[in-house]
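Quick note: the sequence shown uses numbering that gives the first Met the number 0, first residue 0, plus one each step.
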Amino acid sequence: MSKELSLGYCEHHSHCRTISNMPPVQPSVMQWLLSSDPSIAWQAMRDLIDEPQNDWQNEREKIETKGWGRELFSLQDKDGQWAGGAFAPKDATAAEFKENRQPFTATAFVLTELRDMGLKPNSALMNRTVELTRLSCNWEHDKERFWDGEVEECINGRLVADGSYFGVDMTHVVERLLETQLEDGGWNCERENGSVRSSFDSTISVLEGLLEYEKFKGGCKTSKKARKRGEEYLLKRKLFRRLATGEVVKEQYLLFRFPPQADYDVPRAMDHFRAAAKFDQSGADSRMKEAAEHISPRQNAQGQWILDREDGGRRWLDVNDGVGRPSKWIRLRALRVLRWRDDATATAT
């Protein structure tokens with residue numbers, strides 16, 4: 000290979016992998032991830048440098064008691080909620096939403112953050128949270144019980160992902176999502192308002208939910224078929240282009256951000272397909288090639304990826320160092336999907 004990226008050599012991790020067609024990075028960059036919050040470190044250990052399972056599981060267990068995970072649980076209400084609400088905090092104002100400053104401190108968003116961190120599903124604090132929210136938490140839409148979901152597909156998709164990951168049977172919500180899949184294969188929260196075309200943003204949330212549901216419950220023929228149809232919706236569009244014209248759907252889909260919250264972006268989609276391929280024991284679809292090629296060149300000379308955008312609303316944690324600065328989360332996700340792509344390509348050839 001004429002160009003190689005070491006995933007980050009350090010004296011304790013000499014077995015680090017390489018990714019082709021990318022500039023070399025500084026030896027300290029992998030250590031930058033490994034010495035980070037446990038939620039990043041354990042995923043880097045598992046997905047980037049193939050550490051023994053006992054080692055990364057030990058690191059993973061720290062999420063509940065150290066760093067960002069511990070901080071989130073310290074902010075939890077006594078009734079198991081966060082900020083007194085399901086989708087919006089109890090003290091949210093109309094002005095926040097009107098000014099595009101949606102707060103991300105309520106229960107649903109925190110559960111997604113904990114899932115992204117990889118908190119162990121059967122942790123004591125999460126088991127307690129699941130039971131408390133059954134009793135205390137209701138959606139603002141129509142006072143639906145939290146684990147029963149509400150009406151928007153994107154919200155229900157994330158709820159299915161969170162619930163399935165943390166051991167809640169979400170079959171009843173999955174059944175509603177299957178009923179609302181659109182003709183083109185995806186989903187759209189504006190369906191209730193008459194939309195017949197799918198949205199990338201809604202679709203990725205539902206796909207993540209269906210995949211977690213299959214991991215937890217095994218799924219059924221109908222749910223598996225629905226996931227494949229939804230994935231095909233994105234693949235036909237090469238993950239970011241319009242089907243009819245080939246134009247980029249939204250420039251923001253090409254920007255790097257974390258956490259994604261409700262929004263779609265290419266790294267998020269690639270990470271879903273990586274997880275789905277691992278679960279399905281399948282390879283990488285060639286229609287993702289252009290999307291993957293968008294990720295590689297964004298790496299800087301130090302082997303890092305920059306945070307392009309960030310939501311303006313309230314949040315409990317600052318997991319990045321600010322827009323325009325290197326992001327550990329984005330680097331973890333980028334290297335993970337690129338390594339998977341290269342492994343899949345090597346297997347195919």
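Built from N, CA and C at the ideal position, the CB exists for glycine as well.
Next item on the list: List the residues that DSSP assigns as beta-bridge partners of P325.
Entry: Partner(s): I305.
Next item on the list: Thinking R114 and A82 are a contact (beta carbons under 8 Å), I'd like their distance in whole angstroms, please.
Entry: That belief does not hold up - the Cβ atoms of R114 and A82 are roughly 18 Å apart, past 8 Å.
Item checked: Limits of the unbroken alpha helix (DSSP H) element including S285 -> Where S285 is concerned, there is no enclosing alpha helix (DSSP H), given that its DSSP letter is neither H nor E.
Margin query: Using 8 Å for Cβ pairs, my map puts P102 next to E95. What's the rounded Cβ distance?
Written below: Between E95 and P102 the Cβ distance is about 6 Å, and since that is below 8 Å, they are a contact.
Next item on the list: Classify L315 as helix, strand or coil using the three-state DSSP reduction.
Entry: The amino acid at residue 315 is misidentified as Leu; the sequence shows Trp. W315: coil per DSSP, three-state reduction.
Note to self: Judging by CA-CA distance, which residue of A107, A274, G184, K223 is the nearest neighbour of V173?
What the structure shows: Taking each of A107, A274, G184, K223 in turn and checking the Cα distance to V173, the smallest one comes out for K223.
Item checked: Same chain only: Cβ atoms within 7 Å of Q303, ignoring 5 sequence neighbours per side -> Taken in chain order, the residues that qualify are V28, P325, R330.
Check: Are the CB atoms of Y232 and G185 nearer to each other than 8 Å?
Finding: It is a contact, given that the beta carbons lie within the stated cut-off.
Next item on the list: Please work out which residues of its chain come closer than 7 Å, Cβ to Cβ, to E78, disregarding the five sequence neighbours upstream and downstream, and give them in chain order.
Entry: The residue asked about is misnamed: residue 78 is Asp in this sequence, not Glu. Sequence-distant partners of D78 (beyond 5 residues in either direction) whose C-beta falls short of 7 Å from its own C-beta, in its chain, are L131, S135.
Notebook entry, point to check: Within 10 angstroms of its Cβ, does T92 collect 16 or more other Cβ (buried), or is it exposed?
Noted result: That one is exposed.
Margin query: Give the list of continuous alpha helix (DSSP H) stretches no shorter than 4 residues that lie fully inside the segment 178 to 263.
Written below: Taking 4 residues as the minimum length, the alpha helix (DSSP H) runs contained wholly in the segment 178 to 263 are 199 to 216, 220 to 235, in order along the chain.
Item checked: Three-state class that DSSP yields for W138 in the structure shown -> Of the three classes helix, strand and coil, the one that applies to W138 here is coil, per DSSP.
Next item on the list: Determine the DSSP secondary structure at G162, reduced to helix, strand or coil.
Entry: It is helical.
Checklist line | Selection from E250, L253, R175, T104 that minimises the alpha carbon distance to G312 | finding: When each option's Cα is compared against that of G312, the closest is T104.
Notebook entry, point to check: Any idea what DSSP makes of R16, helix, strand or coil?
Noted result: Because R16 carries a pLDDT of 47, less than 50, the predicted location of this residue cannot be relied on, and the following value inherits that uncertainty. Reduced to three states, the DSSP call for R16 is coil.
Notebook entry, point to check: Beta-carbon separation of L177 and T221 under 8 Å?
Noted result: In this structure, T221 lies closer than 8 Å to L177 by Cβ.
Check: Between P22 and G66, what straight-line distance do the alpha-carbon atoms span, to the nearest angstrom?
Finding: Note on P22: pLDDT 47, under 50, position unreliable in the model; the coordinate value appears next. P22 and G66: Cα-Cα distance of roughly 32 Å.
Margin query: Check this for me: beta carbons of R196 and L234, under 8 Å apart or not?
Written below: Cβ atoms of R196 and L234: not closer than 8 Å.
Notebook entry, point to check: Among residues of its own chain, excluding the 5 on either side of R340, which ones have a beta-carbon nearer than 7 Å to its beta-carbon?
Noted result: Answer for R340: A283, A291, listed in chain order.
Check: Quick one: Cα of R273 to Cα of A43, how far?
Finding: The C-alpha of A43 is placed about 15 Å away from the C-alpha of R273.
Next item on the list: For my contact list, A85 and N137 are in at a C-beta cut-off of 8 Å; report their separation, rounded to the angstrom.
Entry: The Cβ separation is near 6 Å, so the contact holds.
Notebook entry, point to check: Using the C-alpha atoms, what's the distance from W146 back to R133?
Noted result: For the pair R133 and W146, the Cα-to-Cα distance works out to about 7 Å.
Next item on the list: State the DSSP-derived secondary structure class of R144, mapped to helix, strand or coil.
Entry: Secondary structure of R144 (DSSP, three-state): strand.
Note to self: Please list the terminal residues of the continuous alpha helix (DSSP H) segment that includes V28.
What the structure shows: Per DSSP, V28 belongs to the alpha helix (DSSP H) from 27 to 33.
Item checked: Boundaries of the alpha helix (DSSP H) in which G83 is found, first to last residue -> Run containing G83: none; DSSP gives neither H nor E here.
Next item on the list: Could you please give the first and the last residue of the uninterrupted alpha helix (DSSP H) stretch that includes A87?
Entry: Looking at the DSSP string, A87 is not in any alpha helix (DSSP H), and its letter there is neither H nor E.
Notebook entry, point to check: Rounded to the nearest angstrom, how far is the Cβ of A107 from that of I48, given a contact under 8 Å?
Noted result: At roughly 33 Å, the Cβ-Cβ gap does not stay under 8 Å, so A107 and I48 are not in contact.
Check: P296 by DSSP, collapsed to three states: which one?
Finding: Three-state result, P296: helix.
Notebook entry, point to check: Hey, quick one: how far does the alpha helix (DSSP H) through N53 stretch, first residue to last?
Noted result: Per DSSP, the continuous alpha helix (DSSP H) segment holding N53 begins and ends at 52 to 59.
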